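Heads up: the sequence lines are chains A and B, in that order.
For the first sequence, position 247 matches number 247 in this note's numbering, and the numbering has no gaps at all.
For the second sequence, position 137 matches number 866 in this note's numbering, and the numbering has no gaps at all.
Where a beta carbon is used, it is the ideal one built from N, C-alpha and C, also for glycine.
The structure displayed is predicted, hence computed values, not measured ones.
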Amino acid sequence: MTRVKDAARASGESRRAFLRASVAVGGGLLLDFSLPGALRARAGSAAASTLNAFVQISNDGAVTIVSKNPEIGQGIKTMLPMLIAEELDVDWASVRIEQALSDPARFGVQFAGGSRATPLNWEPLRRVGAAARQMLMTAAAQTWSVPVAECDTESGNVIHVPTKRSLSYGRLASKAATLAAPDLAQVALKDPKNFKIIGKSQPGVDSPLVVTGKPLFGIDVTVPGMLYAVFVKSPVFGGTVASANLEAVKAQAGVRDAFIVSGGPVFNGLAGGVAIIGTNWWQVDKARETLQVVWEEGATAAQSSAGFAKQAVELATQAPGSKLVADGDVTQALGASARRLEAAYSYPFISHATLEPQNCTAHFRDGKVEIWAPTQNPDAGRKIVAKTLGLTDADITIHMIRCGGGFGRRLMNDYMVEAAWISKQAGAPVKLLWNRQDDMQHDFYRPAGFHFFKAGLDNAGKLQAFSDHFVTFGENGKAAPSADMGASEFPAKFVPNIELGISFMPLGIPTGPLRAPGSNGLAFVFQSFIDEVAHAAGQDPLQYRIDLLGERRQVGAFDAGRMIDVLALVRDKSGWARRKVPKGSGMGVAFYYSHLGYFAEVVHATVAAGGKITVDKVWVASDVGSQIINPTGAENQVQGAALDGIGEALGQVITLENGRVVQSNFNDFLLLRMNQAPPVEVHFLKSEHPPTGLGEPALPPVLPALCNALFAATGVRIRSLPINPQLFA
Amino acid sequence: MLYTLLINGKVCKVEADPQMPLLWVLRDLLDMKGTKFGCGRSFCGACTVHSNGAPIRSCVTPVSSVGSASITTIEGVAGTVLGRSVQSAWLSVDVVQCGYCQAGQIMSASALLAKNPKPSDADIDKAMSGNICRCATYTRIRAAIKQAAGMPIADSRDTLA
């Protein structure tokens with residue numbers, strides 16, 4: 001997810017933000033968070049300014065807070081406003097929340113990815129709320145001609161403490177709006193022990209609309225005069241249209257037009273294909289049955305999953321293309337070791353499979369385009385649309401619509417540029433909707449990976465030598481998106497002799513971040529192989545990990561002590577080593593550090609005589625800092641992430657044959673279902689560190705914990721995903 | 730063809746191709762967006778509605794096959810006390826993550842409870858496993874069903890406390 005990190009760095013974190021106060025339309029206080037030098041277009045757009053201010057307090061006391069980031073199910077539309085409301089000191093129930101437009105000039109970076117919203121906003125948004133509170137107190141102090149120091153606030157009122165006089169925020173809002181906004185860095189923040197909103201479970205703010213079936217998602221958007229579109233792309237990635245029977249398609253019921261889009265070679269842009277537009281989506285989708293396309297398939301037609309697996313094994317017999325880590329002397333240490341292990345691991349391509357298929361509504365007119373998109377990364381989409389349609393950023397308005405799942409898929413905006421292009425050509429507003437097969441066969445997949453491990457133990461079972469040859473995808477020494485590995489991959493720096501090498505295979509299919517990118521595959525292979533090492537040493541796999549972590553110390557960004565603590569916590573909570581485990585069942589453990597979060601997880605699983613796997617329970621212990629901002633949302637994210645990982649391990653694989661994806665729907669790409677979902681017990685260990693994000697880091701360790709449990713249950717080691725139950729039969 | 734459908738207690742006249750699935754009649758002809766498209770093949774359950782009280786997958790139900798059946802969608806589930814109690818349990822348990830599947834989950838759950846007011850965990854597994862939740866909010870869906878049924882929300886399968 002490098003791209004997103006870069007975006008965050010460029011537009012927000014290092015540049016000092018400030019607030020601007022102004023009078024809201026109709027009176028009241030409007031507080032707007034801004035970046036120095038940012039483009040501002042306030043004059044003449046008062047209505048829009050009102051909608052997009054961070055905080056608005058009306059004269060009647062109504063408080064509106066704008067949530068600036070895309071909502072994909074991570075609960076951000078609830079959590080970010082909680083931060084402001086807490087320091088503003090208003091009742092949560094009195095707050096109205098608006099979704100922001102995509103407007104980086106006003107809101108800075110707006111994206112949903114990398115579990116970054118908590119670390120990026122924890123302090124800045126509280127400061128916005130505290131600044132507003134300070135201005136309201138100043139306004140009251142001036143009204144009463146008393147020192148500000150004698151004032152306090154309570155539930156949307158300023159109180160003059162000595163005289164117990166009070167004025168509501170609504171009464172003070174217009175006066176506060178005439179004051180200069182304070183320096184954000186100087187405003188005082190609450191002592192966390194006085195929090196009334198943060199740390200209390202606040203249910204999702206949109207949930208009442210969800211349970212009553214109100215239009216809420218991208219697929220629900222309706223624009224007057226809108227046509228519906230499907231876009232048929234080459235089954236082989238990168239293929240283009242040679243010819244198509246457009247006239248026959250145009251003759252189908254409900255079809256208004258069909259045309260060829262040439263497209264370009266960039267995956268995250270406009271692909272080649274055939275657009276069919278008409279008056280209802282079902283009819284344009286059905287018209288595909290008539291469509292016949294001759295494709296120029298291109299070179300990727302020669303690629304397959306089986307071919308990559310064979311190529312990886314061949315590459316593993318050679319020296320790695322490059323070394324990420326080379327500490328000590330692995331060859332010598334392996335030779336000198338009392339016990340040696342070797343194992344080959346792999347994981348497959350998998351798809352994001354958001355339940356809401358990719359879609360976007362766009363309206364191109366007069367050289368401008370208005371877009372309604374379920375997207376995790378709107379401004380990146382704006383740039384692609386601008387480039388492809390020859391527009392400027394200012395020509396493009398993007399409404400961020402609630403996403404029916406993201407998981408990283410909607411960091412890419414291919415559907416956005418398709419909708420914009422088709423609307424331009426159609427001369428009408430268009431809702432583009434992919435069908436499930438389109439969605440599954442045109443993803444930015446979690447890249448497959450192949451790992452060839454060696455380990456050497458001394459007489460005491462201590463790990464003295466470790467090597468991995470990671471065969472992955474990329475070209476010219478550069479990894480394909482999300483196919484890389486860092487030099488800090490554990491156990492680097494924790495074993496005296498260690499070598500992590502990497503080799504690349506060229507790949508013609510798009511890859512990209514999937515929930516806990518990189519980590520979702522690497523955790524499985526590293527934490528499974530370390531389990532093998534622990535068993536080879538004849539030691540308890542949980543204690544072996546604690547011993548391997550060793551001294552409590554900081555190693556780069558990683559704090560070994562925090563990980564030891566969550567391992568100890570999960571040992572305690574799961575009854576590890578104390579629990580009597582029946583025959584056919586087993587418990588497995590794994591830990592993983594990603595997205596600044598420390599997670600240790602234990603799985604209890606059972607394998608029946610015929611090989612049927614039951615995951616009985618998952619225990620999660622985590623350290624994501626000093627404060628769980630919204631406990632109900634936090635637990636939901638962790639349970640969902642752990643179950644998501646179980647689903648990946650049990651059933652998910654995307655197979656490539658002849659450059660195209662074999663799977664097409666949920667009958668062959670298997671998502672976890674109710675009858676497979678075990679109870680997940682979640683524990684948060686509070687530490688003295690700033691809070692960090694929870695969308696992703698609970699996922700990676702559950703895969704190896706499950707596989708390690710299956711080994712404990714059966715003695716069969718899972719070295720390839722998804723788990724093949726026939727191994728137990 | 731002109732069809733006369735009974736949806737959420739109201740008579741709706743709609744001109745549609747006989748093969749057009751009820752899902753798309755609801756969404757795009759009648760502008761009832763609550764019922765969701767997930768797979769188009771009855772694999773995911775996002776499109777679940779009730780036909781005479783029984784859960785059906787509207788994405789594979791041609792409008793011509795609906796006839797005089799009474800159809801209930803998420804927009805009409807609050808028409809019964811049970812439906813309202815399911816919605817309210819969904820909110821108080823705070824089930825929702827992305828929310829996309831939840832209309833279908835609520836329709837399957839309310840159909841289950843109408844037939845079986847005190848379902849066991851095995852009953853819940855059986856009735857709900859046709860509905861995929863990609864965010865995997867299954868723990869809370871299970872709890873919300875039990876809460877709506879007035880049962881303790883503890884998971885009887887969890888013997889490893």
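#1: Kindly indicate which residue of P104(A), A112(A), I628(A), G61(A) has the alpha-carbon position closest to the one of K77(A).
#2: Is it right to say R578(A) is buried, meaning 16 or more other beta carbons lie within 10 angstroms of its own, or is it exposed?
#3: Take T866(B) and list the residues in its own chain whose beta-carbon comes closer than 6 Å to its own, dropping the five residues that flank it on each side.
#4: By the 7 Å beta-carbon criterion, what residues does the stretch 144-156 of chain A contribute toward chain B?
#5: Can G328(A) and P496(A) be called in contact, C-beta distance under 7 Å?
#6: Check the C-beta distance from Y592(A) over to D623(A) and give it rounded, since I have them as a contact under 8 Å.
#7: Flag this pair as yes or no: are the beta carbons of A130(A) and E87(A) separated by less than 7 Å?
#8: Using alpha carbons as the reference points, say which of T354(A), K368(A), L542(A) lies closest to R410(A).
#9: Identify whether K250(A) lies in helix, strand or coil by the three-state DSSP scheme.
#10: Under 7 Å, Cβ to Cβ, is there at least one residue of chain A near M880(B)?
#11: Should T632(A) be flagged as near chain B, meaning a C-beta pair shorter than 7 Å?
#12: Give the secondary structure of F407(A) by DSSP, where H, G and I count as helix, E and B as strand, and everything else as coil.
#13: So the candidates are W434(A), C151(A), T153(A), E150(A); which of them puts its Cα closest to the Cα of N665(A)?
#14: Can you say whether T472(A) is buried or exposed, counting buried as having 16 or more other CB atoms within 10 angstroms of its CB?
#15: Strictly under 7 Å for the Cβ-Cβ distance: is A43(A) near chain B by that measure?
#16: Shortest alpha-carbon distance to G782(B) belongs to which of T868(B), S858(B), K844(B)?
#17: Looking only at its chain, what residues have a beta carbon closer than 6 Å to the beta carbon of L305(A), apart from the 5 residues adjacent to it on each side?
#18: Suppose contacts are defined by Cβ-Cβ distances below 7 Å. Is V653(A) in contact with P725(A) by that definition?
#19: Indicate whether at least one CB of chain B lies closer than 7 Å to the CB of Q663(A).
#20: Could you give the C-beta distance for V313(A) and E499(A), rounded to a whole number, given that I count them as a contact under 8 Å?
#21: Tell me the DSSP bridge mates of R515(A)?
#22: Taking beta-carbon pairs under 8 Å, can you tell me which members of the stretch 595-617 of chain A lie near chain B?
#23: Helix, strand or coil for F529(A)? Go by DSSP, reduced to three states.
#24: Given S201(A), which residues of its chain have a CB within under 6 Å of its CB, disregarding the five upstream and five downstream residues?
#25: Can the beta-carbon of W122(A) be found closer than 7 Å to that of P691(A)?
#26: What residue range is occupied by the uninterrupted alpha helix (DSSP H) comprising Q834(B)?
#27: Taking Cβ-Cβ distances shorter than 9 Å, what residues in chain A pair up with E744(B)?
#28: What is the C-beta distance between V236(A) and I276(A), in whole angstroms, given that I count them as a contact (C-beta under 8 Å)?
#29: Identify the contact partners of T802(B) in chain A, using a Cβ-Cβ distance below 9 Å as the criterion.
#30: Taking the alpha-carbon of D572(A) as reference, which of F526(A), V620(A), D616(A), I613(A) has the nearest alpha-carbon?
#31: Give me the Cα-Cα distance between G477(A) and F504(A), rounded to the nearest whole angstrom.
#32: Out of D220(A), Y169(A), E154(A), K214(A), point me to the one whose CA is closest to K196(A)'s CA.
#33: Taking 7 Å as the cut-off, decide whether the C-beta atoms of L30(A) and I84(A) are in contact.
#34: Name the two residues that bound the continuous beta strand (DSSP E) containing P784(B).
#35: Scan the stretch 667-697 of chain A for residues whose Cβ lies nearer than 9 Å to a Cβ of chain B and list them as they occur along the chain.
#36: Within 7 Å of any Cβ in chain A, is that where the Cβ of M749(B) sits?
Inspection of the coordinates gives the following:
#1: Answer by Cα proximity: A112(A).
#2: The residue is exposed, with fewer than 16 neighbouring Cβ atoms inside 10 Å.
#3: Apart from the 5 residues on each side of it in sequence, T866(B) sits with its Cβ closer than 6 Å to the Cβ of V824, Q826 in its chain, given in chain order.
#4: Residues passing the 7 Å Cβ filter: none.
#5: In contact: G328(A) and P496(A) (Cβ atoms closer than 7 Å).
#6: Between D623(A) and Y592(A) the Cβ distance is about 12 Å, and since that is not below 8 Å, they are no contact.
#7: Contact: yes.
#8: Per the Cα distances, T354(A).
#9: In the three-state DSSP reduction, K250(A) falls in the helix class (H, G or I).
#10: Chain A places no beta carbon closer than 7 Å to that of M880(B), leaving this residue out of the contacts.
#11: With 7 Å as the cut-off, T632(A) counts as an interface residue toward chain B.
#12: DSSP places F407(A) outside both helix and strand once states are collapsed to three, so it counts as coil.
#13: Ranking the options by Cα distance to N665(A), first place goes to W434(A).
#14: That one is buried.
#15: Low local confidence applies: a pLDDT of 28 at A43(A) is under 50, so the model's placement there is unreliable, with the coordinate-based value given in what follows. No, A43(A) does not count as interfacial toward chain B.
#16: Ranking the options by Cα distance to G782(B), first place goes to K844(B).
#17: It should be noted that the sequence gives Ser, not Leu, for residue 305(A). Spatial neighbours of S305(A) in its own chain (CB-CB distance under 6 Å, excluding positions within 5 residues in sequence) are listed in chain order as T655, L656.
#18: Cβ atoms of V653(A) and P725(A): not closer than 7 Å.
#19: No, Q663(A) does not count as interfacial toward chain B.
#20: Incorrect: roughly 19 Å between the Cβ atoms, too far for contact.
#21: In the DSSP output, where bridge partners are listed per residue, R515(A) has none listed.
#22: Along the stretch 595-617 of chain A, going in chain order, the ones with a CB nearer than 8 Å to a CB of chain B are H604, D616, K617.
#23: Helix.
#24: Hits under 6 Å: P631, T632.
#25: With respect to P691(A), W122(A) sits close: the two C-beta atoms are nearer than 7 Å.
#26: Looking at the DSSP string, the run of the alpha helix (DSSP H) that includes Q834(B) is 831-844.
#27: Residues of chain A passing the Cβ test: none, with the nearest at roughly 11 Å.
#28: Contact doesn't hold; Cβ gap of about 20 Å is too wide.
#29: Residues of chain A passing the Cβ test: G213.
#30: Among F526(A), V620(A), D616(A), I613(A), the Cα nearest to that of D572(A) is on V620(A).
#31: If I take the Cα positions, the gap works out to 7 Å.
#32: E154(A) is the residue among D220(A), Y169(A), E154(A), K214(A) whose C-alpha sits nearest the C-alpha of K196(A).
#33: Cβ atoms of L30(A) and I84(A): not closer than 7 Å.
#34: In the DSSP assignment, P784(B) falls within the unbroken beta strand (DSSP E) covering 783-786.
#35: So the close ones are N667, L671, L672, R673, M674, N675, Q676, A677, P678, P679, V680, E681.
#36: Taking CB atoms only, M749(B) has a neighbour in chain A less than 7 Å away.
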